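For the first sequence, our numbering gives the first residue as -17, with consecutive numbering after it.
Here a beta-carbon is modelled for each residue, glycine too, at the ideal position from N, C-alpha and C.
These numbers come from a predicted model, not from an experiment.
Worksheet for the structure shown next.
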Amino acid sequence: MNVLDELRNRFRVALKKMDSGAAELASMVLPSQDAKFGDYQANCSMPLGKRLGKPPREVAQLLVESLDVADICDPCEIAGPGFINLRLKKTWLVEQLHDLLGDTDKLGIVPTSNPRTFVLDFSSPNVAKPMHVGHIRSTVIGDALCRVLRQLGHKVISDNHIGDWGTQFGMIIYGSKHFSDAAKLRDDTVGELGRLYQRVNQLADYHITRTKKIPAIEQQLLEHVARLEEMHDTTVLKDPKENKKSEKRLRQTEARLAELRQTLDNLRKKLVVVDEDAELTAQAAAHPDISDKVLAETAALHAGDANNRALWERFLPACLEEISVTYRRLGVTFDHALGESFYHNRLMGVVEKLVGHGLIKESDGAKCVFLKGYSAPFIVQKKDGAFLYATTDLATIDYRCQEWSPDAILYVVDHRQSLHFEQLFATARLSGYADLELQHISFGTVLGEDGRPYKTRSGTAVGLSGLLDEAVERALRTVCDNDDARDIPLLSADERQLVAKRIGIGAIKYADLAHNRTSDYVFSYDKMLAMNGNTAAYMQYSYARVRSIFSKGGVEADALRESGAAILIAEPAERALALALLQFSEALERVASDYRPNHLTSYLFELASLYAVFFENCPVLKAASTEVRDSRLLLCDLTARTIAQGLNLLGIETVERM
RNA sequence: GCGCCCGUAGCUCAGUUGGAUAGAGCAACGGACUUCUAAUCCGUAGGUCGCAGGUUCGAAUCCUGCCGGGCGUGCCA
């Protein structure tokens, strides 16, 4: 039962009676923000009053009179300018909870009346290149949305659009031809390919840093210094407004200058690493044009060179295996992983199709789609004939539509690519996909505690597996400390490992999901692993605490449910908990309606908080009577299952004891 | 220059799409373990929702203009 939907349905009927066009105002029935205003509130009297030209309180009165909710709610109250406050009847609340008890895995989640087919495009790592912190959000948010939409009854096809056809692959091909150890490549392909990528990348970066990056930065530095001097000379303007502006520019230039110096410093340090290593220095000297060669290898692969193609086929499985290790740790799966290479021979067709629609214009030798409202064109073929990711993305839409006929395709990709997606979607619509929902599920950057994008000290991206290691390691320390502090430790060594793993991985996922995806967020082990507040560890602890009541009391939850024991609600804490338990499906609806998993974490945190109040105020095993004890056990059981299922939908596992 | 996003407690963040007195967690202060996991809970204090206008019964939320920040911006992805 979705209470909110039910109430809205009742209001819709009443609203229609009052004004034929007013049915849509039913959406103004919402959960109350404050318990003193009841459980739900209807805010529609004010707009309706305006519509009918009557005072809102009078309209509210009429609405209440024609409203049929007597079976669900206590008599409605009208408050303030015309709010209608609704409080669920205790008997009805209890009835609904009993329905939940029988509904073991769904917990009151009603399948949507409008099932849709979604394609979810998320994670999208590059092969041959280790996954890093930047992949967390896409992977975790995408996976959570996938699970929630499925739970609500939608058909979801997850597709990992892997980068398996780009320059990184050219790097390992080049590496295998020049730096490879045949025995290692045979015995430990994954490890050796990782080493090759790293080496080639390092050498290429060395030359580029030396010949391009550093001179460019030095040039910029000079320009900024010159500009600063010029500014100092001209800041004595009379106009205060102009003065302010130039002061601002001065500050910005100074800040930029400091940043440039820092960058330059880091770049020089990178050079030193190579210069101080004899083997690296020799290799750098032996491969001065390594970047061009890598591009040539990539181009040869694309052109169908038999040798490179064979290497690609030989190496790809190992690369995919490497990636899947991370997915196994994260517990993330995909229905498909059709990478860029899959679309390789469909790209020409994309351009031809666009030409057929009359959308292509040539500009400076490149084939472009010029879109209304955008100054930059959407380029689908470069002047040298090569295709771009715009082309691949269009081919992917074609394929997905042919194969799966989705109602919607969601791309879980960071916000910096929003322009690309706007143009992609606009182009797709012009080329025949007017009814398809195309959504960029964008998200912000993961920042370090300094507020800058989260990087290692040397300025490279933080590796994902190391990140997971550290979270698990920290969790293990806490688990051990706490368990050792007990009179009798609760956990075996194996169990401690398992608990640490679930807490550590859960912490990273939860921290990510609990933030509104559109904003940047600060990555902090201490915060995400905290036992207080809206964290995975707190939720997992809440779950374990509930479960321990069952083990302590020797109660088997399934047997209790089947025993026909009744839920009785007397204490305010019991009522508040009961109401929250009934609202699980509303939380999931909120997640689905704008693709924001943080609505579910908020709900779970609130549920756990209400349970904590219940736990403090309502003894369970030591309740005054068996009836109350059984009733409270049933509430505990529902709480445990709701938390577990909620976390499960976020891709987070629970433990029975911790 | 143009485009998109952001600015909420000392810090990290929510805020159900325009609803009632703006909420959490951390940090600070004060309480609660012979009682189901104290890895916890309860209480106190903390706000010009960047600033100024506007829209209306009602604005953190919508519109305009400023201030401050991030990102993007024709042949990478």
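Taking only three categories from DSSP, how would you classify residue i?
i, result
"Phe505", "coil"
"His318", "strand"
"His422", "strand"
"Leu23", "Per the sequence shown, the amino acid found at residue 23 is Gln instead of Leu. In this structure, Gln23 counts as strand in the three-state DSSP scheme."
"Gly101", "Before going further, note that residue 101 is Val rather than Gly in the sequence given. Strand at Val101."
"Gln15", "coil"
"Phe352", "coil"
"Gly705", "In this structure the chain extends from -17 to 640, so residue 705 is not present and cannot be described."
"Gly145", "strand"
"Asp(-13)", "helix"
"Ala390", "strand"
"Leu401", "helix"
"Pro579", "coil"
"Asn96", "coil"
"Ser9", "helix"
"Ser584", "helix"
"Pro554", "helix"
"Val138", "strand"
"Pro197", "helix"
"Arg129", "helix"
"Lys214", "The question names Lys, yet the displayed sequence has His at residue 214. Here His214 sits in helix by DSSP."
Mind checking residue i: buried by the 16 CB within 10 Å criterion, or exposed?
i, result
"Ala110", "buried"
"Asn183", "buried"
"Ala126", "buried"
"Lys32", "exposed"
"Thr409", "buried"
"Tyr356", "exposed"
"Asn516", "buried"
"Ile470", "exposed"
"Leu204", "exposed"
"Arg(-10)", "buried"
"Gly347", "exposed"
"Ala24", "buried"
"Leu401", "exposed"
"Ser9", "exposed"
Which residue comes first and which comes last in the alpha helix (DSSP H) that contains residue i?
i, result
"Ile625", "Thr608 to Leu631"
"Pro190", "In the sequence under discussion, the amino acid at residue 190 is Ile, which differs from the Pro named in the question. Thr171 to Ile190 is the span of the alpha helix (DSSP H), which, as asked, contains Ile190."
"Glu571", "Phe566 to Asp576"
"Val481", "Ala475 to Ala496"
"Tyr156", "Thr149 to His160"
"Ala282", "Ile272 to Ala285"
"Val76", "Lys72 to Gly84"
"Val46", "Pro38 to Ser48"
"Phe532", "Ala518 to Gly535"
"Arg296", "Ala288 to Leu312"
"Asp417", "Where Asp417 is concerned, there is no enclosing alpha helix (DSSP H), given that its DSSP letter is neither H nor E."
"Ala52", "First-last for Ala52: undefined, no H or E at that position."
"Glu638", "Counting along the chain, Glu638 falls outside any alpha helix (DSSP H), and DSSP gives it neither H nor E."
"Arg543", "Ala539 to Glu544"
Strictly by DSSP, which residues pair up with residue i?
i, result
"His114", "Gly445"
"Glu59", "Asn67"
"Ala654", "Any question about residue 654 goes unanswered here, given that the chain covers just -17 to 640."
"Ala260", "Bridge partners of Ala260: none, in fact."
"Phe710", "Beyond the ends of the chain as shown, which are -17 and 640, falls residue 710; an answer cannot be given."
"Asp396", "Phe425"
"Asn108", "Gly145"
"Lys230", "For Lys230, which the question treats as bridged, DSSP gives no partner whatsoever."
"Lys437", "Ala443"
"Phe369", "Gln363"
Could you tell me how far apart the beta carbons of residue i and residue j are, in whole angstroms, since I believe they sit closer than 8 Å?
i, j, result
"Tyr593", "Val528", "7 Å"
"Leu12", "Ala4", "The pair is not a contact, with the Cβ atoms about 17 Å apart (cut-off 8 Å)."
"Leu446", "Tyr436", "Not really, about 11 Å apart at Cβ, beyond 8 Å."
"Phe316", "Ser140", "5 Å"
"Met0", "Leu44", "6 Å"
"Ile361", "Tyr393", "With a Cβ gap of about 19 Å, Ile361 and Tyr393 do not count as contacting."
"Leu79", "Ala560", "6 Å"
"Glu322", "Gly145", "6 Å"
"Pro38", "Pro63", "6 Å"
"Pro495", "Ile123", "A quick correction: the sequence has Leu, not Pro, at residue 495. That pair is a contact at about 7 Å."
"Leu563", "Leu82", "7 Å"
Name the two residues that bound the continuous beta strand (DSSP E) containing residue i.
i, result
"Ser345", "Ile342 to Ser345"
"Gln363", "Phe360 to Gln363"
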